[in-house]
Amino acid sequence: MSQGALHQSQRRKTRAMRRTAFSIPLLLVVAMMGCRSSSTNQASPSQPATPPAPEITKAIAVLHPTKGHDVHGIVTFTRTPGGIRVVADVQNLEPGAHGFHIHEYGDCSADDGTSAGGHFNPTGMPHGGRHAEKRHVGDLGNITADASGRARAEFVDAHLSFEGTTSIIGRAVIIHARADDLKSQPSGAAGPRVACGVIGIAKP
Ligand code: CU
Ligand code: ZN
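So in our numbering, spot 191 of the sequence shown is number 183, and the numbers just go up one at a time.
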């Protein structure tokens, strides 16, 4: 083959490759358009593009002591038809009642727990007791420690949820040194924070 003929055949090959390279994306576009039009015919316009997030059925907060305290505990939150079932088991408390709240931020980084912010109050209500008509979503009243310093509580609370504006996921449980008087604003005069734990999604 002469030098000229070799060049010519290479040019032909290149032209052929260019044609192929051009036609493949064109075919893909046509195929995708076909798919899209058929899927829009089938799917309802209200259907979201991504599947919905899996439903959360259980959450947990592991309570760690703030500086100068030794309070530990576990609080679980479980979805029930009537609301969220709260089960608390807290140890190394002073005997008596202690404010028990959900605070706005799931941030226990400060030595004194103040990084958790104020009471979780997405509905703009005044502070109150758990059974008060007007209360913060985070107002869970008090837990009472026995002579050994252990406090256990279990109740279902209809104000708490795992989704929407009242979702408690990613917020914090705080236990206070003193009792919540259920009326003082803005937080029941319950004193310093002795334990803090972030509410996270738990295995069902
Ligand atoms: Cu509190
Ligand atoms: Zn409150």
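Glycine is no exception: its CB is placed at the ideal position from the N, C-alpha and C atoms. Computed from a predicted structure; not experimentally measured.
What do you get for residue 115, buried or exposed, if any count of 16 or more other CB atoms within 10 angstroms of its CB means buried? Counting Cβ neighbours within 10 Å, residue 115 comes out exposed, since fewer than 16 surround it.
Ends of the beta strand (DSSP E) at residue 50? Residues 50 to 57.
How many angstroms separate the CA atom of residue 87 from the CA atom of residue 171? Rounded to the nearest whole angstrom, the CA to CA distance from residue 87 to residue 171 is 11 Å.
For a quick check, are the C-beta atoms of residue 201 and residue 52 less than 7 Å apart? Within the shown structure, residues of the chain are numbered from -7 to 196, placing residue 201 beyond reach of any answer.
Helix, strand or coil at residue 13 [DSSP, three-state]: Summary for residue 13: the model assigns pLDDT 48, below 50, so the residue's position carries little reliability, and this model does not support an answer.
So, are the CB atoms of residue 148 and residue 77 less than 7 Å apart? Against a cut-off of 7 Å, the Cβ pair of residue 77 and residue 148 comes out as a contact.
Sufficient close CB pairs (3 or more, under 8 Å) joining the segment 162 to 182 to the segment 102 to 113: Three or more beta-carbon pairs separated by less than 8 Å link the segment 162 to 182 to the segment 102 to 113, which places the two stretches in contact.
Which runs of the beta strand (DSSP E), 3 residues or longer, sit entirely within the segment 77 to 124? Inside the segment 77 to 124, DSSP marks whole beta strand (DSSP E) runs of 3 or more residues at positions 88 to 95, from first to last along the chain.
Using 8 Å as the Cβ pair cut-off and three pairs as the minimum, do the segment 42 to 59 and the segment 138 to 146 touch? No, they do not touch.
Thinking C-alpha only, which one of 150, 131, 101 and 48 is nearest residue 74? When 150, 131, 101 and 48 are compared, the shortest CA-CA separation from residue 74 is found for 150.
Report the rounded CA-to-CA distance for residue 189 versus residue 42, giving the unit in angstroms. Computed Cα separation, rounded: 32 Å.
With distances taken from CA atoms, which of 178, 194, 58 and 176 is nearest residue 99? Of the listed residues, the one whose Cα sits closest to residue 99 is 58.
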